[in-house]
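Per this note's numbering, the sequence shown runs over residues 1 to 395.
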Amino acid sequence: MKSTIHFSFLFLAITGFCYAQSLSRVDFRSELTPQYLGSGTSTRLPVVFRATVQNLTAYTTYRYFIQGAIFSDLGKTNSGAGNTLLMNPDSASFVYTTGPSIATAGGYSIFKTNASGEYTGWFAFANTGNAKFTAGNYISPTITLADSVGTLLARRALSDSIRVLSFSTTTTETDGTGVWAKSSGTARNLVVLYDVADGSTRPLAITYLESDGSTIASSVQFYVDSVNGNNGRWGTIIPNVNVNGIRRIELRSLSDGSIVSYLSNETGVWNGISTVNPAGGTTPLGLDTLIFGPPTKVSPATVKAGKYSLKQNYPNPFNPATVITYHIPQSSYVTLKVYNALGNEVATLVNAEKAAGDYELKFDAASDRNLASGIYFYKLTAGDYSEVRKMLLIK
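Dropping the structure here:
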C-alpha cells in the first residue's frame, strides 16, 4: 500500500508539472496590443505589445522570453515560434535573439514582480518564416517563464491575438503595406498607430523608435534601408483595407507606458502621404519627419476615463467561450449585440442602463446557441457612441 501511495503522488507530481508547462491562456493580460503583424522569412518586423503577468510570487525575479502561437498550440508543451526581442527598460539596449532560451544567457530577459506578484511591461518578438505566421492567422503572443536560475515554470498565452498580414499590392483583409517615418522622439520609446484620431480603438500597430541597439536579421528591405540604426525613426506594417488610414500616432514611454506626446488628424494624410487603403506592399509609405510636441505625460488611465471604448474579445479565435470588455465614461443606456457574417442578430448580451465604469462579460457560443464556426461581429451602442469588432469562432 505504501508503494502504491508513493507512486500515486509521484504520478500527480509529474502530470501536474507537465500541465504547468503546457501553453495556457491564463494570467497574461493584454494592456495594449496591436491588431496586425507582418509575415515572411525575409520581411521580418518587430511587433510590440504591453501586458501584465499575474499570479506570481511578490518581489521575485523571473526569467522569460516571448514568441507567438496559434489557437491549436494551446495545451501543448511548446511556446510557439518567432524570434524574441528582449526589451528590458533597465538595459542600455534591446537584445534580439534567434534562439530564445531560459537557460542560456542572451536568450532570455528578466523582470521583478511587485507587491501583488505582478509585472507590467513592454514585450516584443519578430515574425519568421514559420507556417504559424501565414497571412490570415491569428497569433497569440506567448511568454515562457522560469525562476531566477532557469527552472521552467510555465508557458502562457496572451489574452489578445494579432492578425497576420502579408506584404502585398492587392487589397484583401490579409494584405499589408509598410510604413516608416523620421521623428523627434527619443530612441527605444514606443510608437503606437491608430485609425481614429482620439485613440479610442485598438492600435493598428506598435513598434519602437530606433536606434534600440539591436538588429533584426532578415528585416523587410525598407526597414533595413530607411529605419534600422537611425535615431528617431520607426517602421511597421498597416493593413491595405483601412478606410481611415493612420489618424493618431502616439509616443509612449518605455519605462511606464504613459503617453509622452501624440499627433493626430482626421484625414489620414501625413506630410502629403495618404495612409488610407494603401497598396504598396514592400514599397512603403514614407511619412517624412514627424515633430512631436512637448511631453504631456498623459497616463493611459486618464485617457481611458474620458471616452467610450470596446476592447477586442479574448481569447480570439475562441471555442466555445470568450470575454468581451468595454468602458463607459458616464451613465448610459447600453446595448451589446452579436451578429453573424450575414448581419443577422444571434445574441443580445446587454440591454440596460449602466453606470460609468469598466464591464466584462462572457459570451458562450455553445450555451443555448450552438453557433457554427465562422466570423461574428459584436456591436456596442452607448449614447451617441457605437463601435463594432470582429471575432472568430473555431470549433
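A virtual CB, placed ideally from N, CA and C, is assigned to each residue, including glycine.
DSSP state of residue i mapped onto helix, strand, coil
i      : result
Val26  : coil
Lys132 : helix
Asp288 : strand
Thr15  : Here Thr15 scores only 42 on pLDDT, less than 50, and its place in the model should not be relied on; the value that follows carries that caveat. Helix.
Ser109 : strand
Phe71  : helix
Phe7   : Caution is warranted here: a pLDDT of 44 is assigned to Phe7, below 50, making its placement in the model unreliable, and no coordinate value can be reported.
Arg202 : coil
Option in the options with minimal Cα separation from residue i
i      : options                           : result
Asp212 : Ser200, Leu190, Asp225 and Ala197 : Leu190
Val196 : Ala51, Asn319, Thr275 and Gln330  : Thr275
Tyr359 : Leu349, Val192 and Ala135         : Leu349
Gly293 : Ile259, Pro320 and Leu209         : Ile259
Phe49  : Thr207, Thr283 and Ser309         : Thr207
Gly54  : Asn228, Ser331, Ser166 and Glu31  : Going by the sequence as given, residue 54 is Gln instead of Gly. The shortest Cα separation from Gln54 among Asn228, Ser331, Ser166 and Glu31 belongs to Glu31.
Asp175 : Tyr378, Asn370, Gly38 and Phe28   : Gly38
Leu290 : Asn240, Gly150, Ser200 and Arg248 : Arg248
Gly343 : Asn137, Pro315, Leu371 and Phe377 : Phe377
Ile143 : Gly129, Ser109, Phe133 and Val164 : Ser109
Ala115 : Arg202, Thr61 and Asp225          : Thr61
Ser264 : Ser253, Ala352, Asn244 and Leu254 : Asn244
Gly257 : Leu285, Val241, Val192 and Pro284 : Val192
Arg252 : Gly235, Leu209, Ile328 and Leu361 : Leu209
Ala51  : Arg29, Glu387 and Gly68           : Arg29
Leu45  : Val224, Asn271 and Tyr262         : Val224
Leu254 : Gln21, Ser42, Phe94 and Asp27     : Phe94
Pro315 : Ala58, Asn340, Ala69 and Gly235   : Ala69
N-terminal and C-terminal residue of the alpha helix (DSSP H) that residue i is part of
i      : result
Tyr223 : Gln221 to Ser226
For residue i, the first and last residue of its enclosing beta strand (DSSP E)
i      : result
Tyr59  : No beta strand (DSSP E) holds Tyr59; DSSP gives it neither H nor E.
Met391 : Tyr385 to Leu393
Leu190 : Leu190 to Tyr194
Ile324 : Ala321 to Ile328
Pro239 : Trp234 to Pro239
Gly229 : It is not in any beta strand (DSSP E) - Gly229 carries neither H nor E in the DSSP assignment.
Phe363 : Gly357 to Asp364
Val179 : Asp175 to Ser183
Leu152 : Leu152 to Ala157
Lys76  : Taken as a continuous stretch (DSSP letters only), Lys76 belongs to no beta strand (DSSP E), as it is neither H nor E.
Leu254 : Looking at the DSSP string, Leu254 is not in any beta strand (DSSP E), and its letter there is neither H nor E.
Ser332 : Ser332 to Asn340
Tyr308 : Taken as a continuous stretch (DSSP letters only), Tyr308 belongs to no beta strand (DSSP E), as it is neither H nor E.
Residue i, buried or exposed, once every other Cβ within 10 Å from all chains shown has been counted against 16
i      : result
Ala382 : buried
Thr98  : exposed
Gln397 : In this structure the chain extends from 1 to 395, so residue 397 is not present and cannot be described.
Met391 : buried
Lys112 : exposed
Ile375 : exposed
Pro398 : Missing from the structure shown is residue 398; the chain here goes from 1 to 395 and no further.
Ala105 : exposed
Tyr64  : buried
Ile162 : buried
Ser183 : buried
Whole-Å CB distance - residue i paired with residue j, under 8 Å assumed
i      : j      : result
Ile66  : Thr77  : Not a contact, Cβ separation roughly 17 Å.
Lys354 : Val334 : 5 Å
Gly80  : Ser166 : The pair is not a contact, with the Cβ atoms about 19 Å apart (cut-off 8 Å).
Ala146 : Ile102 : 4 Å
Gly117 : Leu56  : 5 Å
Glu250 : Gly199 : 6 Å
Ile246 : Ile238 : 7 Å
Phe125 : Val47  : 6 Å
Phe71  : Pro317 : 5 Å
Gly281 : Ser226 : Not confirmed; about 15 Å, so no contact.
Arg25  : Ala157 : 4 Å
Leu371 : Val388 : Not confirmed; about 18 Å, so no contact.
The ligand ADP heavy atom lying under 6 Å from the CB of residue i
i      : result
Asn228 : Judged by which ligands are present, the structure shown has none, so any question about the ligand ADP falls away.
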